Structures are given as structure tokens and as C-alpha cells.
Amino acid sequence: MAAELAPVKVGQEVVVDIKGYAHQGEGVGRFKGFTVFVPGALDGEEVLVRIELVKKNYARGEAVEIRKRSPHRVEPPCPLYGECGGCQLLHLDYPAQLEFKQQRVNAALERLGGFKNLPVRPMIGMAHPWEYRNKVQYPFALENGRVIVGCYQQGTHNVIDTRECLIQHPLNNRIMNAVRELVEGMGISIYNEQTGQGLLRYLLVKNGFQSGQAMVVLVTNGRTFPEGEELARILASRFPEIKSVVQNVNTMKGNVVLGETNIVLYGEDGIIDRLDDLEFKISATSFFQVNPAQTEILYNKAVEYAGLTGKERVVDAYCGVGSLTLFLARRAREVYGVEVVAEAVNDAVENAKRNGIENVRFVAGETEKVLPRLARIGFGFDVAVVDPPRSGCRKEVLEALAAIRPKRLVYVSCNPSTLARDLRILVDEGYRVQEIQPIDMFPHTFHVECVALLTRAKK
3 MAAELAPVKV GQEVVVDIKG YAHQGEGVGR FKGFTVFVPG ALDGEEVLVR
53 IELVKKNYAR GEAVEIRKRS PHRVEPPCPL YGECGGCQLL HLDYPAQLEF
103 KQQRVNAALE RLGGFKNLPV RPMIGMAHPW EYRNKVQYPF ALENGRVIVG
153 CYQQGTHNVI DTRECLIQHP LNNRIMNAVR ELVEGMGISI YNEQTGQGLL
203 RYLLVKNGFQ SGQAMVVLVT NGRTFPEGEE LARILASRFP EIKSVVQNVN
253 TMKGNVVLGE TNIVLYGEDG IIDRLDDLEF KISATSFFQV NPAQTEILYN
303 KAVEYAGLTG KERVVDAYCG VGSLTLFLAR RAREVYGVEV VAEAVNDAVE
353 NAKRNGIENV RFVAGETEKV LPRLARIGFG FDVAVVDPPR SGCRKEVLEA
403 LAAIRPKRLV YVSCNPSTLA RDLRILVDEG YRVQEIQPID MFPHTFHVEC
453 VALLTRAKK
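Rendered as C-alpha cells:
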């Protein structure tokens, strides 16, 4: 009923002036005062829009014709742009992408955190914003009886055969194409999401930019994989960079990519890569930042904000495989890393040993339980670093941080919305936001990373 009161209806074509962006990069305009979202439209453009969806407070439509073009519009260099959901901003020139992300951070802080005029530094972009990803993670599928592997079509589970991704390292693309060819030639069955039948589900390629080592992970619907070792041997003979081929067994239905069982088909159970002068082991299921160049900038900024002199006790919450933990440990007296994923904790311990770093301790457990427990027993920290998932820190974590009362708090965020929410809570608990540094970890997408420094306000 409410949609009937809207000034537009599905199928209608209207002219809309675009006056900004939604948080995922869609153009936003108004028609007779009614908000219209237009994917692919740019700020300042006049667009003929065909309405596809009408809700109570907004409509969404497709750009049929751009009648006035933005000077920042560029021709997307990827042939899959518009189908693949990976890069939302390829039609926007890179300096304008950085400006959009800067505005997105500022808007979230003001709208969701109630902050005005916070010291937000200019976005740190990339000199070469291409070929930056060190990991492929694509599903297998069949198309007209032929094996395909690639990204999902935007908003669906339809797989688009992907031969080259412009933000992937070229080696990742070459290995992906070789795997497709070999799987097709060997007649290996492909998993069907609807029926639950078939063997091969996902392909992962992990690439150590500094070490030159590569790892292939083949996710299968069951342990039996008679062609596995031969496939691994052929891949390794074609690509000397491949030091590890692992079968990961995942028989669960649903969208979870990796299972809990790993079987080494060739070489080692993982590869090595370096960030700065530290070495890290990357295993089949462990998380590692996908843009190593920007990760070094991110981590060094976090260490700078921590203000370490060598005397501090630090907690690094949501520490993963301990990469940021070890960056901090080089400057601190001792660092405690907290991580819920058991394999990541094992990798973190191994990474510390590999680098000869002894002033770290890793605690396996949920940050939401570990930090409140430490707060209750009066275990103090001079500096706290948190790097939570997109959902941000849960209430228990923020309350524990307020109780522990570290002098400095460094918040690493991959979601400006939850960052703004959590900063407001911490400020209300007696902290002051000193500075925020946005970093473009994922060029050509709407995602943005931030590092924020908070200090305890003097009473």
C-alpha cells in the first residue's frame, strides 16, 4: 500500500540528478523528493532511470541513459564488470574513489557516531591499485557440461567463468586457469549446490608476494579424491612457485567455504610470506590480509598509534595468526594475543617462534569472554589493540576495555559504520578520539579500512 503512494512505479522511466553516493557506491538522487538509488551512476550526473523496485521510502532503478556525464567516469577495463560483484567502483577514476571513501568515513562518523570535526587524515591510496590481491577464492560449477571456476554473479549464486581478475596477482590467474583445464581434462566431478552431489567445491590460491611461494587449496565434498595427487603433481611441475597443494574436506551444506580436515597432496602444509622483516606461515584455513602492501602501512600506523617505548604490556584482540601482534611485540615489553580460531592460534605460536619473538603470549578463546575475565581479575594493559570483524566489537568487549582502562586504545576497523558506533560508546566511557587514518586496502571496491587512536581522557 505504501509503495502506491510513491511518485514512481516499477517499469517507469524518470530523469534523476545524482547528488552523492550510498555506502556501497550506488548513486543517490531524488525524483519529486523521493529517494532513488541507481547503481553505476556517479555524483553530478543526470541519468534516465528505469525503476525496478519501489519501497515505502525509496526506489531502486537501472541507469538506461547517462544524459550528463561526470568527468570522473571511466570505461571499466574488466569485461566482467556489471556481472561480477567484486569491484563496485571500476567506472569511477581512482582519485575520485579515494574521495568517495573519505566521505563515507566522515558520513558514518557524523551520522552514526554523532561526531563532528574529528581529526580524520587523508585516505592513503595505492600508487598501483591493480594486481594487489594475494588470494583467489572461487567456486567451481558446470556450464553446458563444461567446468567453470570464477566469481559469483552479483547478488546470486550463479558462477561466472573468470579467466582474469585485474585486482588479482597474475600468478593467481594463471594457476586458476590451469586448474580449470586440468579438472576438465581429468573428468573430476563438480559439486552441485542444489543436489549436494559431486566432488570439487572451491578453489583457493594463496600467493606470497615477498617469498614468491604459492599454495593451492582444493575444497572437496568428501575425502575420496583419487585424482588429487596426480593433479597436484602436474600443477607443481607447471608452476615452480607452488610449494603446497592441500585438499580441504567440507561436507557441510551451505555457504561455508572451508571444512576442518586438511590433507596435503603435494609439498608442505602451508607457505611462507613476509611483512616488513617478519616471516609468517600461511596455512589452508588461516586468515592473512589479502593486500600485503597496504597491510604493512596499516600495521605500522597501528604501532605508531600505540606509542610504544618498550615498557608497555599490550593486548591484541582478534589477533588471527598474530601478524599485527608480532609488529607490536618488537616495540613492547609483552603482548597478549587473543583469538578464537584454534588453528590461527597454532599458526600465531609458530610465527612467533619462526621470528625469534619471545615476549608474546597467545590466548585461545572468544575476545568477548577473555577480556571481561581479565578485567574481573584486575589484569591491566597499558595499550589495547582491537581488530574486530565487520560487525565490530560486542558490548562485552567495549565494557571490558572501559574497565581495564588502557592509556591508549588502537581500533583497526574494516567497517566505518560499526567503527562510528563503537567509538561513540568508548568516548562515552571516558576516551577521546585523537586521530583516524583511513587506508584503501581494497581499490575499486566500496570497502575501506581505518585505524583510530583513542586516549584515556584526564578527569
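So the sequence shown is numbered by our numbering: it starts at 3 and just counts up by one. Where a beta carbon is used, it is the ideal one built from N, C-alpha and C, also for glycine. Treat the numbers as computed from the prediction; the structure is a model and nothing was measured.
Query	Result
Sub-8 Å separation of G380 and D275 beta-carbons	no
Strand pairing of I244, partner residues [DSSP]	A216
Identified DSSP bridge partners for E48	D19 and K70
Identity of the residues DSSP links to S2 by a beta bridge	A question about residue 2 goes unanswered here, because the residues of the chain that appear run from 3 up to 461.
Residue of A459, R52, V414 and K409 minimising C-alpha distance to P390	V414
Paired residues, beta bridge with Y338 - DSSP	V317 and R363
Cβ-based burial, K137 [other Cβ within 10 Å; buried from 16]	buried
Span separating the alpha-carbon of I406 from that of Y301	23 Å
Neighbourhood of I427 by C-beta, 7 Å cutoff - its chain only, sequence neighbours within 5 removed	L400
Assigned exposure category for M443 - 16 Cβ within 10 Å defines buried	buried
Inter-residue CB distance, A422 and G115 (contact presumed, cutoff 8 Å)	3 Å
Reference F290, options D349, E262 and A334, closest by Cα	D349
Cβ-Cβ distance between Q156 and G63 below 8 Å	no
N179 - containing alpha helix (DSSP H), residue span	P172 to M188
Buried versus exposed, by CB contacts within 10 Å (16 or more), G29	buried
Buried versus exposed, by CB contacts within 10 Å (16 or more), G42	buried
8 Å Cβ cutoff met for P124 and Y96	no
Residues near K70 in its chain [Cβ-Cβ closer than 6 Å; skip 5 each side]	E47 and E48
Assigned exposure category for M188 - 16 Cβ within 10 Å defines buried	exposed
Neighbour flag for E232 against chain D, beta carbons, 8 Å	Looking at the structure shown, chain D is missing, and only one protein chain is on hand.
Every unbroken beta strand (DSSP E) within the segment 412–452, with a cutoff of 3 residues, ordered by chain	433–441
Contact under 8 Å by Cβ, R135 with I162	no
Per DSSP, the bridge partner or partners of F142	V151
Three-state secondary structure (DSSP) of M3	Summary for M3: the model assigns pLDDT 41, below 50, so the residue's position carries little reliability; its value from the coordinates is reported in the next sentence. DSSP places M3 in coil when its eight states are reduced to three.
Local conformation of G230 per DSSP, three classes	helix
Distance between R410 and E232 (C-alpha atoms, nearest Å)	53 Å
Opening and closing residue of the beta strand (DSSP E) in which K208 lies	L202 to N209
Option nearest A180 by Cα separation, candidates A238, L92, L267 and A98	A238
Separation of M178 from L202, as counted between CA atoms	14 Å
Three-state secondary structure (DSSP) of F290	coil
According to DSSP, residues forming a beta bridge with L260	L260 is not bridged to any residue.
Cβ contact (3+ pairs, closer than 8 Å) linking the segment 91–110 and the segment 445–454	yes
E166 versus K118 - alpha carbon distance	43 Å
Three-state class that DSSP yields for Y307 in the structure shown	helix
Buried versus exposed, by CB contacts within 10 Å (16 or more), D384	buried
Span of the alpha helix (DSSP H) around G115	Y96 to G115
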